[in-house]
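Notes to accompany the following structure.
Protein chains: 2
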Amino acid sequence: MNTVEPKAIAVGKELKNDLLLKALLGEEVKRPPVWMMRQAGRYLPEYIALRNKYSFFERCQTPELACEITLQPVDIVGVDAAILFSDILVVPQAMGLEVELIENKGPVLPQPVQQENDFKRITVPDVNDRLHYVFDAIKLIKQELNGRVPLIGFAGAPWTLLCYMVQGKGSKTFDEAKAFCYRQPALAHRLLQMITDTTIAYLKGQIKAGADVVQIFDSWGGLLSPADFEEFSLKYIRQIVAAVKEEAPTIIFAKGAWFALEEMAATGAHGLGIDWCITPERARKYAGNHVTLQGNFDPAKLFLSPAEIKKEVKKMITAFGPQRYIANLGHGILPNVPVSHAKAFVEAVKEWA
Amino acid sequence: MNTVEPKAIAVGKELKNDLLLKALLGEEVKRPPVWMMRQAGRYLPEYIALRNKYSFFERCQTPELACEITLQPVDIVGVDAAILFSDILVVPQAMGLEVELIENKGPVLPQPVQQENDFKRITVPDVNDRLHYVFDAIKLIKQELNGRVPLIGFAGAPWTLLCYMVQGKGSKTFDEAKAFCYRQPALAHRLLQMITDTTIAYLKGQIKAGADVVQIFDSWGGLLSPADFEEFSLKYIRQIVAAVKEEAPTIIFAKGAWFALEEMAATGAHGLGIDWCITPERARKYAGNHVTLQGNFDPAKLFLSPAEIKKEVKKMITAFGPQRYIANLGHGILPNVPVSHAKAFVEAVKEWA
Chain A
1 MNTVEPKAIA
11 VGKELKNDLL
21 LKALLGEEVK
31 RPPVWMMRQA
41 GRYLPEYIAL
51 RNKYSFFERC
61 QTPELACEIT
71 LQPVDIVGVD
81 AAILFSDILV
91 VPQAMGLEVE
101 LIENKGPVLP
111 QPVQQENDFK
121 RITVPDVNDR
131 LHYVFDAIKL
141 IKQELNGRVP
151 LIGFAGAPWT
161 LLCYMVQGKG
171 SKTFDEAKAF
181 CYRQPALAHR
191 LLQMITDTTI
201 AYLKGQIKAG
211 ADVVQIFDSW
221 GGLLSPADFE
231 EFSLKYIRQI
241 VAAVKEEAPT
251 IIFAKGAWFA
261 LEEMAATGAH
271 GLGIDWCITP
281 ERARKYAGNH
291 VTLQGNFDPA
301 KLFLSPAEIK
311 KEVKKMITAF
321 GPQRYIANLG
331 HGILPNVPVS
341 HAKAFVEAVK
351 EWA
Chain B
1 MNTVEPKAIA
11 VGKELKNDLL
21 LKALLGEEVK
31 RPPVWMMRQA
41 GRYLPEYIAL
51 RNKYSFFERC
61 QTPELACEIT
71 LQPVDIVGVD
81 AAILFSDILV
91 VPQAMGLEVE
101 LIENKGPVLP
111 QPVQQENDFK
121 RITVPDVNDR
131 LHYVFDAIKL
141 IKQELNGRVP
151 LIGFAGAPWT
161 LLCYMVQGKG
171 SKTFDEAKAF
181 CYRQPALAHR
191 LLQMITDTTI
201 AYLKGQIKAG
211 ADVVQIFDSW
221 GGLLSPADFE
231 EFSLKYIRQI
241 VAAVKEEAPT
251 IIFAKGAWFA
261 LEEMAATGAH
271 GLGIDWCITP
281 ERARKYAGNH
291 VTLQGNFDPA
301 KLFLSPAEIK
311 KEVKKMITAF
321 GPQRYIANLG
331 HGILPNVPVS
341 HAKAFVEAVK
351 EWA
């Protein structure tokens, strides 16, 4: 299942640090690779300096800024992978919806998709036209990284993007988005397929531009029942994984969707991200032995002292085992975490060997 | 494990509708009982009329108002149990903290507990002094119910109350509350034990006043890892269940804590509430056969048409089986649900026989 074409492996060979690729391909590593979700972000003073100067979309759409932000955690914290600085909502934006991203407020889509008529305002775009700035950023990042570590590209899962496109803003329950799916399933599937088609082209474009690995973020997968997750989320993730997994190792992170680990592993994805609400033992049992697990440090544990963080990280690696495993948080790093604590997390993994 | 003293059973005998008690005691029923979390609330125009006239604490602390609101869903929607109209935050309030509950805004505790010095402001109160209005409301409700259906009393789990007492407001992650527990575990355990002692006295008072069943709400249990849930939540829920289960059937609802179903069943609780992110089959497998399961309708499915709601409810009952089961939602009813849809949910269960 988890084989990749020579291209991806060849890319791996140009890298000075290919731990992430090896872990995803099931090859033996001397220690697990480590990176952190939202590692390029607001816990870093260097990031905050840029945030205070440029709007979110300026940072996203200016390749030089996106590149600088992407590289910050590689330089400062020493992670084993860079992840593109961007946002999952660039896809709804490219499809035609207005998206406002105001720092510390959450996203707002003032004209959401809620009925058939609203489909007139959206399209499956030419990603080279609407999202070229992402591909330009990736090319620049790859050049600046110069093979130091691999670059992770990403996209939101269709279900999570639908949540925002229908609800129009963040929500604890996304009940309007769910009501839309339950009451108008034909429209929901039409929208999900449009997002899926856009996402496949978008991720292929990212890989072509140089992304070594891609991750699909289903932040709201855990809001669905197992049956609805299959119908409104996994069905589309499966299409995406099938379309890109031969081109680059692919990771699915569906927060809270522990109940579908077995089904997600069966998509042929190389890695599965998991949160801290499942033990490593149980996650491995459900996911099986032919997929790499990524996670699952409770982000709030980064408020412990550096010495205690190191102890907890070692416990975590012991529980997962060092092979077919990527050390990471179970969700994004929290804004108030001291940089020295993020460093302790990374150092603890590097000290494993 | 799940035996109750004659008192509770005797109470059951005075009831015209004792389906809930029978289901919790593992006795055979002709159909499952049905009620809905937050059934006395903002989807009911009769409730909104009172909300527009009286503040939250006026409604809570005036037995006549609490009684009227508690009875509304029994009269209007026809549920098989009443649940006391109150809020879990009356306990932190009784312990000495200021609590502001502003409708549609969420709770605010302006002076949270974050360091040792803050313990000077809190105490384990005499519940008969500080929470007598709850007991008065229960006596009045029991009188007005006149045995039509049983009355459920409730309290928040110590972990969930700590979340608010430390964070000072609602949060998606409760990272300050978690940081407090991880960094100052001795203080956290001191606070949790104070909440536990208060809660035991509070629930015993509710039962003495007439509550036929009690439910412990751990709304934020699912934010913890399995190990931390044991340390910061279940350890205290266990004390509470042990103290009250001989006096009245006891239900634990720890949202998202699917991973601890086995351990929660082992507390000797009579019922376990579950959300919709686990299949009935898996929930029964994890919880075992000696506990009653309660749930787990996705609250957003109440936006379906009444006919579709009935179809979904029947599917749910078939999956759980009608014995040792209480039909309910997997979380609170959403504010915009039409009353006719709530009625369809209840009717579908009543049509089971």
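Taken in order, these protein sequences are the chains called A and B. Be aware that the first sequence starts at 1, since it is given in the working numbering, and climbs by one per residue. Be aware that the second sequence starts at 1, since it is given in the working numbering, and climbs by one per residue. Cβ atoms here follow ideal geometry from the backbone N, Cα and C, with glycine treated the same way.
Short of 6 Å from the beta carbon of Q239 of chain B, and not among the five residues preceding or following it, lie these beta carbons of its own chain, in chain order: T196. Along the length of the segment 50–79 of chain A, whole alpha helix (DSSP H) runs at least 4 residues long occupy 56–61 and 63–76, reported in chain order. Residues are counted here when their Cβ sits less than 8 Å from a Cβ of chain A; for the segment 259–282 of chain B these are F259, W276, C277, I278, T279 and R282, given in chain order. In this structure, the beta-carbon distance from M194 of chain B to L234 of chain B does not fall below 9 Å. Between Q206 of chain B and F56 of chain B, the alpha-carbon positions lie close to 20 Å from each other. Taking a Cβ-Cβ cut-off of 7 Å, the neighbours of K301 of chain A in chain B comprise Y182, given in sequence order.
Under the DSSP definition of a beta bridge, K169 of chain B partners with B:V108.
Against chain B, the CB of N52 of chain A has no partner CB under 9 Å away; the residue lies outside that interface.
Each residue's CA atom was taken as its position, placing A209 of chain B and F135 of chain B some 5 Å apart. At a cut-off of 9 Å between beta-carbon atoms, A188 of chain A makes no contact with chain B. Rounded to the nearest angstrom, the Cβ distance from Q39 of chain A to V79 of chain A is 6 Å, consistent with a contact under 8 Å.
Fewer than three beta-carbon pairs drawn from the segment 174–182 of chain A and the segment 141–155 of chain A are found closer than 8 Å, and the two stretches are therefore not classed as touching. Considering only A:F85, A:E46 and A:L21, the residue with the shortest C-alpha distance to T62 of chain A is A:F85.
By the C-beta criterion, the segment 58–73 of chain B is judged not to be in contact with the segment 114–130 of chain B, since fewer than 3 inter-stretch pairs fall below 8 Å. When the beta-carbon positions are compared, A227 of chain B and I252 of chain B stay at least 9 Å from each other. Taken through DSSP and simplified to helix, strand or coil, T123 of chain A comes out as coil. Only residues of its own chain outside the window of five on either side were considered, and among them I333, L334, P335, N336, V337, P338, V339 and A342 have a CB closer than 8 Å to the CB of Y43 of chain B, listed in chain order. In the structure shown, F303 of chain B falls within a helical segment according to DSSP collapsed to helix, strand and coil. Under the DSSP assignment, Y43 of chain A falls outside any alpha helix (DSSP H); it carries neither an H nor an E label. Put simply, the backbone Cα of L101 of chain B is about 32 Å away from that of Q114 of chain A. Contact between the segment 158–175 of chain A and the segment 241–248 of chain A is absent: fewer than 3 CB-CB pairs across the two stretches fall below 8 Å.
For the segment 208–226 of chain A, the set of positions with a beta-carbon nearer than 7 Å to some beta-carbon of chain B reads G222, S225 and P226 in chain order. Residue pairing by DSSP places I251 of chain B opposite B:Q215 and B:G271 in a beta bridge.
Between H331 of chain A and K255 of chain A, the alpha-carbon positions lie close to 8 Å from each other.
Listed along chain B are A300 and F303, each with a C-beta nearer than 7 Å to that of A179 of chain A. T279 of chain B places its beta carbon less than 9 Å from that of S225 of chain A.
Note that the C-beta distance between P249 of chain B and D218 of chain B is not below 9 Å.
Contact annotation: the segment 148–158 of chain A does not touch the segment 311–325 of chain B, with fewer than three C-beta pairs closer than 8 Å.
Using beta-carbon distances, L329 of chain B does not count as an interface residue toward chain A, since no partner is under 9 Å. For the segment 139–157 of chain A, no residue has a beta-carbon sitting nearer than 9 Å to a beta-carbon of chain B.
Each residue's CA atom was taken as its position, placing T198 of chain B and C163 of chain B some 16 Å apart. Chain A places no beta carbon closer than 9 Å to that of D80 of chain B, leaving this residue out of the contacts. For the C-beta of K172 of chain B, the chain A residues within less than 8 Å are, from N- to C-terminus, K172.
Cβ-Cβ distances below 7 Å link A344 of chain A to P306, I309 and K310 in the same chain, with the five nearest sequence neighbours on each side left out; the list follows chain order. By the Cβ-count criterion, A23 of chain B is buried, with 16 or more other Cβ atoms from all chains shown falling within 10 Å of its own Cβ.
With fewer than 16 other CB atoms across the displayed protein chains lying within 10 angstroms of its CB, A186 of chain A is exposed.
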